[in-house]
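Protein chains in written order, with the working numbering: chain A, 48 to 391; chain B, 48 to 391.
Heads up, the beta-carbon is just placed ideally off N, CA and C, and yes, glycines get one too.
Okay, so here's the structure we're looking at.
There are 2 protein chains.
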Amino acid sequence: MELDERKITILKAIIKNYMDTGEPVGSRTISKYVDNKWSSATIRNEMSDLEEMGYIVQPHTSAGRIPSDKGYRFYVDQITLEKDSEAAEVQELMIQRIDRLESVLKKLAKLLAHDTNYAALISGPRYQENKLKFIQLSRVDADKLLIVTVLEGNLIKNSIVHVDDVPNDEELLNMNILLNSNLNGLTIGEINLDVISRMKQQAGSHAGVVDLVLEQVAEVIRADSEDLQIYTSGATNIFKYPELSDNQKASELLQTLEHTELLKDLVDTGDGDGGTGIQVYIGEESPVQAMRDCSVVTANYELGEGIRGTIGIIGPKRMDYEKVLKTLRTLMVQLETAFKKEER
Amino acid sequence: MELDERKITILKAIIKNYMDTGEPVGSRTISKYVDNKWSSATIRNEMSDLEEMGYIVQPHTSAGRIPSDKGYRFYVDQITLEKDSEAAEVQELMIQRIDRLESVLKKLAKLLAHDTNYAALISGPRYQENKLKFIQLSRVDADKLLIVTVLEGNLIKNSIVHVDDVPNDEELLNMNILLNSNLNGLTIGEINLDVISRMKQQAGSHAGVVDLVLEQVAEVIRADSEDLQIYTSGATNIFKYPELSDNQKASELLQTLEHTELLKDLVDTGDGDGGTGIQVYIGEESPVQAMRDCSVVTANYELGEGIRGTIGIIGPKRMDYEKVLKTLRTLMVQLETAFKKEER
DNA sequence: GTTAGCACTCATCTGCTTCGAGTGCTAATT
DNA sequence: AATTAGCACTCGAAGCAGATGAGTGCTAAC
Numbered sequence: 048m049e050l051d052e053r054k055i056t057i058l059k060a061i062i063k064n065y066m067d068t069g070e071p072v073g074s075r076t077i078s079k080y081v082d083n084k085w086s087s088a089t090i091r092n093e094m095s096d097l098e099e100m101g102y103i104v105q106p107h108t109s110a111g112r113i114p115s116d117k118g119y120r121f122y123v124d125q126i127t128l129e130k131d132s133e134a135a136e137v138q139e140l141m142i143q144r145i146d147r148l149e150s151v152l153k154k155l156a157k158l159l160a161h162d163t164n165y166a167a168l169i170s171g172p173r174y175q176e177n178k179l180k181f182i183q184l185s186r187v188d189a190d191k192l193l194i195v196t197v198l199e200g201n202l203i204k205n206s207i208v209h210v211d212d213v214p215n216d217e218e219l220l221n222m223n224i225l226l227n228s229n230l231n232g233l234t235i236g237e238i239n240l241d242v243i244s245r246m247k248q249q250a251g252s253h254a255g256v257v258d259l260v261l262e263q264v265a266e267v268i269r270a271d272s273e274d275l276q277i278y279t280s281g282a283t284n285i286f287k288y289p290e291l292s293d294n295q296k297a298s299e300l301l302q303t304l305e306h307t308e309l310l311k312d313l314v315d316t317g318d319g320d321g322g323t324g325i326q327v328y329i330g331e332e333s334p335v336q337a338m339r340d341c342s343v344v345t346a347n348y349e350l351g352e353g354i355r356g357t358i359g360i361i362g363p364k365r366m367d368y369e370k371v372l373k374t375l376r377t378l379m380v381q382l383e384t385a386f387k388k389e390e391r
Numbered sequence: 048m049e050l051d052e053r054k055i056t057i058l059k060a061i062i063k064n065y066m067d068t069g070e071p072v073g074s075r076t077i078s079k080y081v082d083n084k085w086s087s088a089t090i091r092n093e094m095s096d097l098e099e100m101g102y103i104v105q106p107h108t109s110a111g112r113i114p115s116d117k118g119y120r121f122y123v124d125q126i127t128l129e130k131d132s133e134a135a136e137v138q139e140l141m142i143q144r145i146d147r148l149e150s151v152l153k154k155l156a157k158l159l160a161h162d163t164n165y166a167a168l169i170s171g172p173r174y175q176e177n178k179l180k181f182i183q184l185s186r187v188d189a190d191k192l193l194i195v196t197v198l199e200g201n202l203i204k205n206s207i208v209h210v211d212d213v214p215n216d217e218e219l220l221n222m223n224i225l226l227n228s229n230l231n232g233l234t235i236g237e238i239n240l241d242v243i244s245r246m247k248q249q250a251g252s253h254a255g256v257v258d259l260v261l262e263q264v265a266e267v268i269r270a271d272s273e274d275l276q277i278y279t280s281g282a283t284n285i286f287k288y289p290e291l292s293d294n295q296k297a298s299e300l301l302q303t304l305e306h307t308e309l310l311k312d313l314v315d316t317g318d319g320d321g322g323t324g325i326q327v328y329i330g331e332e333s334p335v336q337a338m339r340d341c342s343v344v345t346a347n348y349e350l351g352e353g354i355r356g357t358i359g360i361i362g363p364k365r366m367d368y369e370k371v372l373k374t375l376r377t378l379m380v381q382l383e384t385a386f387k388k389e390e391r
């Protein structure tokens with residue numbers, strides 16, 4: 048059977064109506080929706096065909112139809128086809144200043160959740176290669192040193208350590224030079240025993256401090272590459288959609304959103320394909336079990352120097368794909384622009 | 048009427064039973080619970096009295112009784128009286144290393160939620176006086192400066208700024224000395240025009256950089272004192288308690304837990320009274336509207352140098368107060384010990 | 001090919017009944 | 001005087017029957 052013009056119109060009408068109401072939609076509703084262009088009986092016949100073809104389903108015999116995953120998929124593919132040409136209209140979004148990327152991302156997630164009325168998710172930037180760029184030791188207390196570690200991509204980490212034999216100012220200066228000249232540009236794998244023993248030798252009486260510092264640096268780098276940070280926002284928006292908010296489902300979904308490790312399949316896709324790819328997972332397509340009744344839209348951002356992460360929207364299958372896709376596309380542009388500007 | 052021995056026994060029995068089951072408890076249940084020491088009829092009479100006195104209520108005529116807020120209050124007061132003498136048994140909790148206080152607190156909340164099966168909340172440390180302790184400028188790129196700001200209490204903040212006229216290494220060294228000698232020990236209020244103009248004068252050709260730095264420092268301090276950080280964990284645990292998990296209530300509660308600003312009344316109490324005070328809010332006693340069906344237990348931690356915050360547990364009114372109080376007490380001790388050790 | 005008409009299905013709603021846990025009260029017992 | 005047995009009563013929960021109505025599929029007419 049063919050998906051002719053009329054079937055497409057009807058399918059779209061069903062999806063649109065269902066998006067609005069969340070209720071199964073019947074033949075008369077559609078008939079009215081198309082200004083009685085076709086009678087309800089005709090619509091019924093077409094619906095019967097559409098059901099046979101798998102685009103719509105009946106929750107039970109005497110109810111209207113709702114779109115199936117396949118139906119949504121068709122709709123989404125249509126949208127992306129149509130709208131890809133249309134230039135993303137840039138709304139004024141307030142990304143004023145990237146003071147701390149992390150906090151900007153959190154705010155962004157909040158904004159996004161509030162704007163769309165769906166749940167938003169954002170993964171903190173992962174840095175492809177954790178190369179050391181800069182290390183600085185300073186004394187902050189009589190017996191404490193502050194270690195500032197800057198990684199490639201301007202990711203900054205601090206730690207404070209207690210030392211027993213505190214170097215004096217001049218020794219500190221030398222040690223900073225020592226550290227930077229030996230370590231800059233290295234990844235953690237490249238800091239081997241050879242490098243370490245050479246440094247210790249050069250450090251002389253303060254070899255112990257070198258050990259401490261290296262331990263901290265290793266910790267910092269490891270922590271960063273292991274802990275994938277994922278922030279969520281607006282999780283409770285799901286209560287706005289009856290089909291998701293029965294107790295069983297809501298609980299499961301919210302629990303999943305609370306546990307970062309369950310979400311990593313959503314943000315881990317950025318490996319191969321390029322930066323701004325947008326994925327739409329409808330129902331069973333989702334890699335996350337608890338989201339089989341939802342749709343998930345994810346977008347990968349990439350902010351130069353290999354800093355990349357993922358932004359996602361989680362909502363009911365009847366989400367407003369058009370709006371979400373557009374919002375995400377716009378956001379990507381803005382985020383990258385803002386970052387470039389800051390970067391200069 | 049007097050709360051005699053028997054009434055107290057019965058009241059406690061009702062509360063204990065209700066804690067286990069979450070169902071209203073009847074006279075026969077209690078009779079069995081006390082090994083038929085008294086018949087159900089006697090219990091009924093006593094229950095009638097207890098109801099009149101306001102310690103228990105009937106959800107409806109033909110149901111058993113459940114404790115009222117007043118009943119819980121009595122119970123909790125009893126516990127704290129009895130157990131205050133008992134030394135808190137220190138379980139081995141893994142607070143290995145305070146590398147970043149923030150991340151430790153987050154983990155703690157997670158642990159706590161998991162341990163108790165209630166929702167946990169933790170407020171990031173607030174610093175009483177944001178005095179500057181140390182500032183350091185370094186060049187990290189051809190045209191970018193890293194500003195590290197350490198506040199009293201070893202709170203470290205970083206920012207990276209772009210500058211057009213980058214000072215050379217020697218100038219940077221001088222500028223660091225200039226910044227530290229002028230600003231150390233000052234609060235933001237104390238950095239007035241007088242100080243600023245004096246510094247600019249001394250900075251000579253790089254007065255612009257001073258401006259940039261001061262702007263960042265001000266931002267850092269302001270951001271820290273304004274944004275009260277509150278982390279929650281295990282929010283979805285509330286689905287384990289039927290009396291909280293009907294859709295309306297669960298949604299409201301979860302929404303509240305998502306919005307930091309609604310929680311600040313819970314953590315803001317630390318003003319007057321000393322460090323380790325533990326508060327128990329039962330039902331209507333809670334300062335937060337959405338928690339009128341819950342009980343909330345909060346504890347204030349104080350980690351020297353005026354760093355203080357709050358840890359809280361949110362659960363059903365029939366929470367295991369004994370366990371929660373004990374856990375929190377233990378935690379406070381551990382947290383302070385771990386911090387002291389790190390501090391040395 | 002389209003549509004009107006009609007019998008049929010089935011989830012939802014309403015009212016009714018039954019069931020039983022639990023109460024309060026009274027009278028008997030200790 | 002305190003305790004207890006006994007009994008009538010209350011009321012939510014659960015189950016069932018019928019009414020309702022939205023929506024369908026099918027057939028026959030246009």
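- In the structure shown, residue 97 of chain B adopts helical secondary structure according to DSSP, grouped into three states.
- Just so you know, the alpha carbons of residue 60 of chain A and residue 90 of chain A end up roughly 11 Å apart.
- A residue is called buried once 16 or more other Cβ atoms fall within 10 Å of its Cβ, and residue 253 of chain B is buried on that count.
- Secondary structure of residue 86 of chain B (DSSP, three-state): coil.
- Residue 57 of chain A counts as buried, since at least 16 other C-beta atoms from the protein chains shown sit within 10 angstroms of its C-beta.
- Comparing C-alpha distances from residue 261 of chain B to each of B/287, B/222 and B/304 shows the shortest one belongs to B/222.
- At a cut-off of 8 Å between beta-carbon atoms, residue 193 of chain B makes contact with chain A.
- Residue state for residue 210 of chain A is assigned as coil, using DSSP reduced to three classes.
- Rounded to whole angstroms, residue 363 of chain A and residue 348 of chain A show a C-alpha spacing of 23 Å.
- Residue state for residue 188 of chain A is assigned as strand, using DSSP reduced to three classes.
- Close partners of residue 185 of chain A in chain B (Cβ separation under 8 Å): 181, 183 and 195.
- Annotation for residue 164 of chain A: no alpha helix (DSSP H) segment contains it, and DSSP assigns it neither H nor E.
- Neighbours of residue 283 of chain A across chain B, judged by C-beta separation under 7 Å: 298, 301, 302 and 305.
- Within chain B, no residue has its beta carbon less than 9 Å from that of residue 83 of chain A; the closest one is some 39 Å off.
- In the three-state reduction of the DSSP assignment, residue 356 of chain B falls in the strand class.
- Here DSSP, grouped into helix, strand and coil, assigns residue 349 of chain B to strand.
- Close CB contacts of residue 307 of chain B within its chain, under the 7 Å cut and outside five residues either way in sequence, are with 275 and 277 (chain order).
- As computed with DSSP, residue 181 of chain A is found in a beta bridge with A/197.
- Against chain B, the beta carbon of residue 201 of chain A has neighbours under 9 Å at 187, 188, 191, 193 and 207, listed in chain order.
- The region 167-184 of chain A makes contact with the region 147-156 of chain A; the number of CB pairs closer than 8 Å reaches 3 or more.
- Shown here for residue 189 of chain A: same chain residues with a beta carbon closer than 8 Å to its own, the five before and five after excluded, namely 213 in chain order.
- Between residue 361 of chain A and residue 159 of chain A, the C-beta spacing is not below 8 Å.
- Taking the CA atoms as reference points, residue 71 of chain B sits about 9 Å from residue 64 of chain B.
- Around the C-beta of residue 366 of chain B, 16 or more other C-beta atoms lie within 10 Å, and the residue is accordingly described as buried.
- CA-to-CA, the gap between residue 156 of chain A and residue 280 of chain A works out to about 6 Å.
- The beta carbon of residue 92 of chain A sits no closer than 8 Å to any beta carbon of chain B.
- With contacts defined by Cβ atoms closer than 8 Å, residue 235 of chain A and residue 177 of chain A form a contacting pair.
- Leaving aside the five residues that flank residue 331 of chain A on each side, the residues in its chain whose CB is nearer than 7 Å to its CB run, in chain order, 116 and 339.
- Distances from the alpha-carbon of residue 200 of chain A to those of B/198, B/207 and B/50 put B/207 closest.
- With a contact defined as Cβ atoms closer than 8 Å, residue 283 of chain B and residue 301 of chain A qualify at about 5 Å.
- By the criterion of a C-beta distance shorter than 7 Å, residue 78 of chain A is surrounded in its chain by 85, 86, 87 and 90, once the five residues flanking it on both sides are discounted.
- Taking C-alpha positions only, residue 378 of chain B is separated from residue 127 of chain B by approximately 17 Å.
- In this structure, DSSP gives residue 342 of chain B an extended state, which the three-state scheme calls strand.
- Under DSSP, residue 112 of chain A shares a beta bridge with A/72.
- When rounded, the separation of the alpha-carbon atoms in residue 228 of chain B and residue 183 of chain A is 20 Å.
- Taking every protein chain shown into account, the CB of residue 50 of chain B has fewer than 16 other CB atoms within 10 angstroms, so this residue is exposed.
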